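A quick write-up on the structure given underneath.
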Amino acid sequence: MYWADELAARVSGPQVVNDSKTPSGTVHVGSLRGPVIHDAITRALRARGIPVEFRYGVEDLDAMDAQALLTPDAVERYMGVPLSRVPAPEGSDAPNYARHFVGTLFFPTFARLGIRPEFYWLSEIYPTGKMDPFIRTALDKAQLIRDLYVRVSNVERPSGWLPIQVICEACGRIGTTLADDWDGSTVHYRCLPDYVTWAKGCGHEGRIAPFGGAAKMPFNVEWAAKWSLMGITIEGCGKDLATKGGSRDRSEAISREIFDREPPINVMYEFLNVGGKKMSTSKGRGAAAHAVAASIPGDVLRFLFLRPRPNQAIDFDPAGTDAIPRLHDEYDRISAATAGATVRGELPADHDRLHFYSQVADGSAEAAKVTAAAWRPAFGQLALLLQLPGVDATARAAAEKGTPLTAPEQAELTERVDAVTHWLADYAPDEAKIAVRDELPVDLVAQLSGEERAWLLNLADRVDAARAAGTPLETGEAWQGLIFSAAKEGGLQPVRAFASLYAAFLGRTNGPRAGWLLAALAPSFITERLRSAAAVAGVAA
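Sequential numbering of the sequence shown, starting at 5, is according to this note's numbering.
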């Protein structure tokens, strides 16, 4: 049983699924794993008829802190200020920094992936007073929380430390304040110049009622409070928060012992790695989520995150590699298998459910199977076609399919053309970029052997013969078959046959699948180039 279905089978009664994000800067593509996982859980619950709400929160009262400093987006003069009160970058129409990076750039990727939670912002929750009862409880039980930190995580807070972060009335910073006295109505706090290394407090000191948005709880206490406030029953988290004695353990203990509530079910998920290293917003490593989501169709990007179980890491390096084409190929393989076709290689368990949850459209399993059966062009073949001048992608796709494209197939082709265009412009390695030479690359062709020269001429003869017989070669498969057949007939190893073709047409000895290259070129141009190459090498044409 697919992991999301397993989880849905274990619960009963209405469920509230939650996920959240601190908007510390440009959000990397790895941060989409949590939303996709939680969306799959939500769909699995709905599929079983379980009432479910899916919420996604933004922790925008958090300070611009050391995490933001490690991105190119930090603003020195606002270090320590709540992210909701930091101005948006110059040129942005967003009202603040958090709304720019999450609201303007990150959230639009959700719709592209079919993720439709109810969004909330903590900068809007706190002023309503909904957090006030939890703030009061936490302050009344401050000693218990300090003891809990020691017991669960071996983290010792100063004896006067209080679980509250006040927004300084003088300078507006929240990351530099320390509250040290609670009288049941107000807290005493100081804005310390040296409290943290990444921001400097103004030195102000005062008392304030920490309610109605004047302060916020520290993350672990706030996390547990949200579980109670919103009735959250399922919320996963990244591996870094789920270590023994770590942030999740602290929040679960606070939930049970301070707020008297059993914590939600946890689905721990691993990182998305690039070159073996975790992608991180705070470290600026990895491609921006909005950029990658614009470059990969939603179904395929969902597939990237849902293919492994949540507790398995994902290695994905889109820049300068063939990772994106290979991802599309694997998605196509799983789609074909879901439609009932025989495919090469071992299939993952419950591959049909993997395909179902990968769909942007939140429809039925039957609808997903119809989608799986649709014809789609291979990513690599499309990348080849789009680099050839004058090629009609729709006409070539219909030729490869053998019948006109349906409306859904045409829509998918359009989406893939866009994805391939982005890949070629932003991510493709140099070897994937080709250009058919207008003139014969004489210097390279002259280095071909006698066998290779003879083979090129033989191939030209066979192409002309096929045209004369009224059986022109129209598909990449047909051309590929002819190339292999001609090479076998001439006793030439396929690797040498293909290298000679690349030399004649591309001016190099490697390239894409030659059959699809030739299928996109005019037959008269092909035979003329083959005969010219043979003639330059010394074989009569």
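Every residue, glycine too, gets a C-beta built ideally from N, C-alpha and C. Here the structure is a predicted model, which means the values were calculated and not measured.
Using only CA atoms, which one of the options lies nearest to residue i?
i: G367; options: V33, A8, G17, A51; result: A51
i: P498; options: A482, I530, W459, P476; result: W459
i: G176; options: M83, Q147, I300; result: M83
i: V364; options: P314, A203, G302; result: G302
i: G240; options: R357, S504, Y506, N315; result: N315
i: T46; options: G133, F58, S35; result: F58
i: D336; options: M68, W227, F307; result: F307
i: G95; options: D198, A345, D151, T108; result: T108
i: A524; options: P516, L389, Q484; result: L389
i: T26; options: L49, I54, W7, P86; result: P86
i: D23; options: D187, L196, G235; result: G235
i: V271; options: R330, K405, R37; result: R37
i: N547; options: P516, K248, F488; result: The question about residue 547 has no answer here: the residues shown for the chain are numbered 5 through 545.
i: L310; options: V56, S362, R330; result: S362
i: S35; options: V296, G133, E404; result: V296
i: L196; options: G188, E209, R254; result: E209
i: T181; options: W165, I41, S189, G188; result: W165
Kindly indicate if chain B contains any beta-carbon less than 8 Å away from that of residue i.
i: A142; result: The structure shown has no chain B; it contains just one protein chain.
According to DSSP, what are the bridge partners of residue i?
i: Q169; result: K220
i: T181; result: C195
i: A523; result: Partner(s): none; A523 has no beta bridge.
i: A67; result: P86
i: M272; result: C241
i: Y124; result: G61
i: Q147; result: Paired residues: none, contrary to the question.
i: W186; result: V191
i: V20; result: E57
i: I129; result: Partner(s): none; I129 has no beta bridge.
i: D319; result: N277
Mind checking residue i: buried by the 16 CB within 10 Å criterion, or exposed?
i: Q4; result: Examination of residue 4 is not possible in this model, given that the chain is present from 5 through 545 alone.
i: T285; result: Caution applies to T285, whose pLDDT of 45 falls short of 50 and renders its modelled position unreliable; the model cannot decide the point.
i: A544; result: Any answer about A544 is weak, because its pLDDT of 46 lies below 50 and its placement is not dependable; what the coordinates show is given next. With fewer than 16 Cβ atoms within 10 Å of its Cβ, A544 is classed as exposed.
i: A102; result: buried
i: E63; result: buried
i: K230; result: buried
i: E266; result: exposed
i: F123; result: exposed
i: P18; result: exposed
i: V446; result: exposed
i: E10; result: exposed
i: R357; result: buried
i: R120; result: exposed
i: R380; result: buried
i: F529; result: exposed
i: G179; result: buried
i: V225; result: buried
i: D43; result: buried
i: N100; result: buried
Give the secondary structure of residue i by DSSP, where H, G and I count as helix, E and B as strand, and everything else as coil.
i: S255; result: helix
i: F548; result: Outside the displayed span of the chain (5 to 545) sits residue 548, for which this structure offers no information.
i: S286; result: Any answer about S286 is weak, because its pLDDT of 42 lies below 50 and its placement is not dependable; what the coordinates show is given next. Looking at S286 - three-state DSSP - the assignment turns out to be coil, as it is neither helix nor strand.
i: N462; result: helix
i: M5; result: coil
i: Y431; result: coil
i: V296; result: helix
i: K25; result: strand
i: H32; result: strand
i: D396; result: coil
i: E532; result: helix
i: E209; result: strand
i: D354; result: coil
Mind checking whether residue i and residue j have CB atoms under 8 Å apart?
i: V191; j: R211; result: yes
i: D468; j: T531; result: yes
i: V278; j: D326; result: no
i: R466; j: P527; result: no
i: L148; j: E261; result: yes
i: P408; j: A402; result: yes
i: A72; j: G29; result: yes
i: R441; j: L510; result: yes
i: V449; j: A507; result: yes
i: A70; j: W202; result: yes
i: A183; j: C206; result: no
i: L477; j: L305; result: no
i: A219; j: I269; result: no
i: A378; j: E413; result: yes
i: R517; j: G384; result: yes
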